[in-house]
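So the sequences go chain by chain: A and B.
Taking our numbering, I'd label the letters of the first sequence as residues 1119 to 1227.
Taking our numbering, I'd label the letters of the second sequence as residues 43 to 242.
Note sheet for the following structure.
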Amino acid sequence: MADTLGSFEQAVLLAILRLGENAYGRAVLNEVQTRLERDVAAGAVHATLERLERKGLLASRLGSGTPIRAGKPRRFYRIRPGGLRALNEARETVESLWRGLEWPLKGHA
Amino acid sequence: MTTNVTPPAWAETVLRAVLKPTDFATVSGDLLEEYRETVYPARGRQNADRWYVVQIFGFAMRSVALWGALFGFAEVARTALDWFVPTHDFSVRSAVSTYVGIGLLLTTGFWSAWRSGSVASGPVSATLTVIIGEIISSIGAAAMLVMFHDPRTMSAMEASGGLSEAFTLPIILVLPALLLGTLGGALGAAAHAKVRIDPV
Chain A
1119 MADTLGSFEQ AVLLAILRLG ENAYGRAVLN EVQTRLERDV AAGAVHATLE RLERKGLLAS
1179 RLGSGTPIRA GKPRRFYRIR PGGLRALNEA RETVESLWRG LEWPLKGHA
Chain B
43 MTTNVTPPAW AETVLRAVLK PTDFATVSGD LLEEYRETVY PARGRQNADR WYVVQIFGFA
103 MRSVALWGAL FGFAEVARTA LDWFVPTHDF SVRSAVSTYV GIGLLLTTGF WSAWRSGSVA
163 SGPVSATLTV IIGEIISSIG AAAMLVMFHD PRTMSAMEAS GGLSEAFTLP IILVLPALLL
223 GTLGGALGAA AHAKVRIDPV
């Protein structure tokens, strides 16, 4: 069984998947903010990327800088097979929890 | 594209102090890009600077969260001991908690400087550790006060220095944190220069 992913970890991994070749720190931050529809701290995304890489779910490489970054390098991320497995399992878990229930939920809370 | 605007230089210095050198280049590049391309054009100089400082503060707090938590829980434990197991002689407890505090602040300074290679990260990290620790300690003391305010506990609390001590310690601890952090930072930076292991 792959690592159990938290919802923020899933948001970060899915952002990397959507961004493809262009998945570097700032792009991931913006994609996560867009999908979650709220402001997210850059530090939270950075810490998550670092943790996922340590778990072996991500790999990274350094790319070149640009003038707007004062020439500072970008770190590009890609999902490793373990990351895909973990995402698939997370999706299956959620689907299994919802199976048999009609959505949106109705009735008295 | 606005490549001529720059965020506060001191904030970048703090970021350099709390991150590994390999992370600093990429993270500060990401923040600078976001600052120049999105935040500054949309919010103006003052709000963009505020955004940048908040981001840096987030990185800094995350980098010492574990040490801050340890410091805070050590203080909560000491407060609980004094309130619920009262004594007339505080000398042993004071010595133990002082040495634990010194050890934690020295270690924080050493660890962060070893990680970043910068002596400055020692005092920065130790001060942030104290801030986090004191937030935890104050919340802990307030929670204990809400749950236990019987006459016996209140009298033990007064005998151990009173409520004011539990809440004013943060201000007193900043100076020792700066000194111990600097000492630990100097040792950590020296270790970083000698032993090039990439710590977690």
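We put the CB at the ideal spot given by N, CA and C, even for glycine.
Note that the coordinates shown come from a computational prediction; the quantities given were computed from them, not determined experimentally.
Contact residues within the region 59-79 of chain B, judged by C-beta distance below 7 Å to chain A: 67, 68, 69, 70, 71, 72, 73, 74, 75, 76, 78 and 79
Using 8 Å as the threshold, is the C-beta distance between residue 1231/A and residue 68/B below it? Nothing can be reported for residue 1231/A: it is not among the residues displayed for chain A, which extend from 1119 to 1227.
Residues from the region 88-105 of chain B in contact with chain A, defined by Cβ distance under 7 Å: 97, 100, 101 and 104
Looking at the structure shown, is residue 217/B part of a helix, part of a strand, or coil, going by DSSP? On the second sequence, position 175 is the one that residue 217/B refers to. Three-state DSSP puts residue 217/B in a helix.
Does the region 123-135 of chain B come close enough to the region 192-202 of chain B that 3 or more CB-CB pairs lie under 8 Å? yes
Using DSSP with H/G/I as helix, E/B as strand and the rest coil, what is residue 206/B? Residue 206/B sits at position 164 when you count from the first residue of the second sequence. Looking at residue 206/B - three-state DSSP - the assignment turns out to be helix.
Taking the CB atoms as reference points, tell me whether residue 53/B and residue 166/B lie closer together than 8 Å. For the purposes of this step, residue 53/B is taken as the residue at position 11 of the second sequence. For the purposes of this step, residue 166/B is taken as the residue at position 124 of the second sequence. Not in contact: residue 53/B and residue 166/B (Cβ atoms no closer than 8 Å).
6 Å CB neighbourhood of residue 162/B in its chain, flanking five on each side removed: Against the second sequence, residue 162/B aligns to sequence position 120. Excluding sequence neighbours, residue 162/B sits near 59.
Run the CB neighbour count on residue 1156/A, radius 10 Å, all protein chains shown included, and call it buried at 16 or more, exposed below. Taking the first residue of the first sequence as 1, we reach residue 1156/A at position 38. Exposed.
Can you say whether residue 91/B is buried or exposed, counting buried as having 16 or more other CB atoms within 10 angstroms of its CB? Taking the first residue of the second sequence as position 1, residue 91/B is located at position 49. With 16 or more Cβ atoms within 10 Å of its Cβ, residue 91/B is classed as buried.
Under 7 Å by beta carbon: chain A residues contacting residue 243/B: Any property of residue 243/B remains undetermined from this structure, which presents chain B solely from 43 to 242.
What is the residue span of the beta strand (DSSP E) that residue 1177/A lies within? Against the first sequence, residue 1177/A aligns to sequence position 59. Residue 1177/A -> beta strand (DSSP E) spans 1176-1181.
Candidates 1145/A, 1150/A and 1144/A: which alpha carbon is nearest residue 1092/A's? Outside the modelled stretch of chain A, which goes from 1119 to 1227, sits residue 1092/A, for which no answer is possible.
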